[in-house]
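Asks: For the sequence shown, my numbering assigns the number 191 to the last residue and increments by one with no breaks. No residue lacks a Cβ here, since even glycine has one placed at the ideal position from N, Cα and C. Predicted model, so just to flag it, every value in this text is computed and none were measured. Have a look at the structure that comes next, please.
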Amino acid sequence: MDNERKFVNKNYSNVGIDTISKNFMRHLKRWHSLEKEVMEILTFLKNSKQRKEALAVLRNETNFDLYLRGEVCPNRRKPFNNPDTDIVYYPCVYCKGIFRKNYLRRHIKNCSAEKDNKSTQNCVAKSQTFTACHMDPANVVSKLSIKETVRLFFLNFFFIQNIVITDYLFFKYRFLI
15 MDNERKFVNK
25 NYSNVGIDTI
35 SKNFMRHLKR
45 WHSLEKEVME
55 ILTFLKNSKQ
65 RKEALAVLRN
75 ETNFDLYLRG
85 EVCPNRRKPF
95 NNPDTDIVYY
105 PCVYCKGIFR
115 KNYLRRHIKN
125 CSAEKDNKST
135 QNCVAKSQTF
145 TACHMDPANV
155 VSKLSIKETV
165 RLFFLNFFFI
175 QNIVITDYLF
185 FKYRFLI
């Protein structure tokens, strides 16, 4: 039997580009205590539920930013001695936590960030769209809006055609336009 651990013991949180912190709260107190978000977290009581939730939100935001840069820091731990390169991770649309593709649907059912209107249908597609929008907001949003614009054009065409046919003033002055 192999004596090596199969999983990393702690949940590492990458805060900066070069730093990996085992104790995320201590790192925030030492290096980021003057930032607005950290100051708000430090105002809560030490073991309060609000402080833990705010810390989780900040950790997820940080890990999501690293995910966009290409470095994966999942919420659930990775294998320690046998990192499988075939594992695909996606962010949760609601809390921005990074999860395995197989676990994402289960997480969304229990996600604490959004209590209402959670749909587990097409969760991977929504996650991919969410990631694409955050990676390059200008180009992606314009590409996504084309489909909606074309659909609205065809719906509005019949509506406009009906107005043109029934509107007397428009019919009378149509050549002046």
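State the Cα-Cα distance for the pair threonine 129 and threonine 180, rounded to the nearest angstrom.
Replies: Correcting the residue identity first, residue 129 is lysine in this sequence and not threonine. Cα to Cα, lysine 129 sits roughly 47 Å from threonine 180.
Asks: Locate the alpha helix (DSSP H) running through arginine 44, then write down its first and last residues.
Replies: Unbroken alpha helix (DSSP H) run through arginine 44: 38-45.
Asks: Are the beta-carbon atoms belonging to leucine 118 and valine 86 less than 9 Å from one another?
Replies: No, Cβ-Cβ distance for leucine 118 and valine 86 is not below 9 Å.
Asks: In the DSSP assignment, find the unbroken beta strand (DSSP E) run with arginine 114 in it and report its ends.
Replies: 112-114
Asks: Please report the straight-line C-alpha distance between tryptophan 45 and threonine 145, rounded to a whole angstrom.
Replies: 28 Å
Asks: For valine 52 versus cysteine 109, is the C-beta distance shorter than 9 Å?
Replies: no
Asks: Taking all protein chains shown into account, decide if valine 102 is buried (16 or more other Cβ within 10 angstroms of its Cβ) or exposed.
Replies: By the 10 Å Cβ count, valine 102 comes out exposed.
Asks: How many whole angstroms separate the CB atoms of isoleucine 112 and tyrosine 81, which I take to be in contact at a CB cut-off of 8 Å?
Replies: Right, the Cβ-Cβ distance comes to about 5 Å (below 8 Å), so this counts as a contact.
Asks: Would glutamate 54 and serine 126 qualify as a contact pair, given that the criterion is a beta-carbon distance under 9 Å?
Replies: no
Asks: Quick one: what's got a C-beta closer than 7 Å to threonine 134's C-beta in the same chain, skipping five residues either side?
Replies: Arg119, Ile122, Lys123
Asks: Which of the three DSSP states, helix, strand or coil, is assigned to serine 141?
Replies: helix
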